[in-house]
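To start, the structure itself, in structure tokens.
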Amino acid sequence: MKSTNEYPASKKLLVILFLVLLSSLFAKDILADNLKLIKEKSFNVKSGETLFIDASGADIKVDSWNKNEVYVKILGNRKAEDKMKFTIEQTSGGVEVTAKKEGSWFFNWGGG
């Protein structure tokens, strides 16, 4: 049996890359399973209205379709549900979605 020092560097690199890719695939599946539906709403809208999103630090996905409707679905883990306040509202100009961290600046000063 060869020791690890006998394998060429390129072969070691390929094995490391494979393990990193494999672990990232599993991590993605595990993290996706922890997401749950936090909030969802649907609104009838008119052509030309605006979708405004204020959700700093969030992953946002927007899909278009051929309906005069906006459908908003917010997914997150337990931490997001506990520490964030989500609002979805229809305004005179369209639909507004916001995600704000709950609590005062004093209690969040330490980053928590």
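Letter by letter, the sequence shown follows residues 15 to 126 in my numbering.
The beta-carbon is built from N, C-alpha and C at its ideal position, and this holds for glycine as well.
For residue i, which residues of its own chain have a beta-carbon under 8 Å away from its beta-carbon, when the five flanking residues on both sides are left out?
i       : result
Gly-108 : Val-59, Glu-63, Thr-64, Leu-65, Phe-66, Val-84
Ile-74  : Ile-67
Which of helix, strand or coil does DSSP assign to residue i?
i       : result
Lys-93  : helix
Val-76  : coil
Glu-116 : coil
Asn-82  : coil
Gly-108 : strand
Lys-99  : strand
Given residue i, which residues of its chain have a CB within under 7 Å of its CB, disregarding the five upstream and five downstream residues?
i      : result
Lys-55 : Val-86, Ile-102
Leu-49 : Leu-89, Gly-90, Asn-91
Residue i and residue j: beta carbons closer than 8 Å?
i      : j       : result
Lys-97 : Glu-116 : yes
Lys-99 : Lys-81  : no
Would you give the residue range spanned by the beta strand (DSSP E) that residue i belongs to?
i      : result
Lys-53 : 50–58
Using the rule of at least 16 other Cβ atoms within 10 Å of the residue's Cβ for burial, across every protein chain shown, is residue i buried or exposed?
i      : result
Val-76 : exposed
CB-CB under 6 Å to residue i, same chain, minus the five flanking residues each way: which ones, in chain order?
i      : result
Phe-57 : Val-84, Gln-104, Val-109
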